[in-house]
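Residue numbers (this note's numbering): 270 to 525.
Just so it is clear, CB atoms sit at the ideal spot from N, CA and C, and this is done for glycine as well.
Step one of this worksheet: look at the structure below.
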């Protein structure tokens with residue numbers, strides 16, 4: 270869950286004017302150009318990856334830890350509520366969890382945080398299928414590679430180091446460095462800027478619906494590799510590539 274709530278410090282919802290402004294930014298998704306049907310890597314100058322649920326099998330680990338924390342505090346585990354937070358930023362997560370758990374959320378957070386830190390700060394999260402193969406191939410093509418994750422920078426860096434993936438990335442852009450989290454495109458635009466690459470020349474790889482909204486709104490050609498949550502109809506209508514694994518994404522890139 271760290272990827273969606275980097276420090277589990279809750280942020281109260283902002284005023285309606287700010288919410289409306291942010292919703293207007295999200296409408297970029299609906300107005301973004303159609304996704305390219307060509308995945309020829311020669312057309313692109315960089316690749317940007319989400320981290321949790323895409324590179325690392327974090328979602329299942331985090332859901333298990335959250336369920337254990339609920340049990341330890343004699344609180345119900347609402348799977349549908351948990352799945353609904355995937356891809357959201359800290360403010361959005363608080364609204365959902367506070368509605369479900371009320372004042373009990375504070376003690377649940379403490380329990381979760383203790384259990385979570387014991388795992389992610391000391392143990393390698395399993396790497397998902399096709400990750401190393403794809404990263405190696407992209408490096409061979411000479412493309413710079415970045416991570417765009419909602420996770421706090423220190424935690425994200427530690428996760429990548431423990432998983433043995435740090436060496437593949439030229440830049441790490443995190444949620445604490447942007448004002449608007451996914452599905453806003455800000456984090457992807459910042460990652461592209463740091464690589465000095467036009468967003469339209471970037472490949473993006475995501476697992477969640479909100480992550481895809483973010484990448485598509487940034488005008489990047491996007492691959493979605495669903496994890497715990499399947500693409501909704503609205504997201505499918507973007508026309509981006511949806512494949513079972515990064516191994517399949519690599520296959521599509523090689524055959525283009």
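Practice prompt. Let me know if residue 428 comes out buried or exposed under the rule of 16 or more other beta-carbons within 10 Å of its beta-carbon.
Written response: Buried, by the Cβ-count rule.
Worksheet item: How long is the line joining the alpha carbons of residue 515 and residue 391, rounded to whole angstroms?
Response: 26 angstroms
Fill in: Within the segment 440-521, ranges of the beta strand (DSSP E) (whole runs, at least 3 residues)
440-443, 471-475 and 490-493
Item to complete: Rounded to whole angstroms, what's the CA-CA distance from residue 507 to residue 304? Just pull it up for me.
Response: 7 angstroms
Worksheet item: Alpha carbon to alpha carbon, what distance is there between residue 493 and residue 444?
Response: 20 angstroms
Worksheet entry | Those residues which DSSP pairs with residue 401 across a bridge | In the DSSP output, where bridge partners are listed per residue, residue 401 has none listed.
Worksheet entry | Endpoints, the beta strand (DSSP E) within which residue 317 is located | Element bounds for residue 317: 315-318.
Worksheet item: According to DSSP, is residue 418 helix, strand or coil?
Response: strand
Fill in: Runs of alpha helix (DSSP H) wholly within the segment 333-401 (minimum 4 residues, chain order)
348-353, 359-370 and 374-389
Worksheet item: Looking at the structure shown, is residue 431 part of a helix, part of a strand, or coil, going by DSSP?
Response: helix
Fill in: Cross-strand partners of residue 321 (DSSP beta bridge)
325
Discussion item. Mapping the DSSP letters down to three states, classify residue 304 as helix, strand or coil.
Written reply: coil
Fill in: Same chain, Cβ closer than 8 angstroms to residue 426, neighbours up to 5 away in sequence not counted
435 and 441
Discussion item. With distance defined between alpha-carbon atoms, name the residue in 489, 323 and 328 nearest to residue 467.
Written reply: The shortest C-alpha to C-alpha distance from residue 467 to any of 489, 323 and 328 is the one to 489.
Practice prompt. Check whether the Cβ atoms of residue 355 and residue 398 sit closer than 9 angstroms, and answer yes or no.
Written response: no
Practice prompt. Kindly list the residues whose CB is nearer than 7 angstroms to the CB of residue 384, restricted to its own chain and excluding five residues on each side of it in sequence; keep chain order.
Written response: Closer than 7 angstroms at Cβ, skipping near neighbours: 334, 337 and 338.
Worksheet item: What number of angstroms, rounded off, separates the C-alpha of residue 405 from the C-alpha of residue 420?
Response: 24 angstroms
Discussion item. Tell me which residues share the same chain as residue 376 and place their Cβ nearer than 8 angstroms to its Cβ, disregarding the 5 neighbours each side in the sequence.
Written reply: Taken in chain order, the residues that qualify are 342.
Practice prompt. Quick one: residues in its chain with C-beta nearer than 7 angstroms to the C-beta of residue 478, no 5 flanking neighbours on either side, listed in chain order?
Written response: Result list for residue 478: 356, 498, 500, 501 and 504, in chain order.
Practice prompt. Inspect the beta-carbon positions of residue 496 and residue 517 and report whether they are closer than 9 angstroms.
Written response: no
Worksheet item: To which residues of the same chain is residue 525 closer than 8 angstroms at the C-beta, ignoring the five residues directly before and after it?
Response: 307, 308, 309 and 310
Fill in: For residue 414, the nearest candidate out of 400, 423 and 453 (CA to CA)
400
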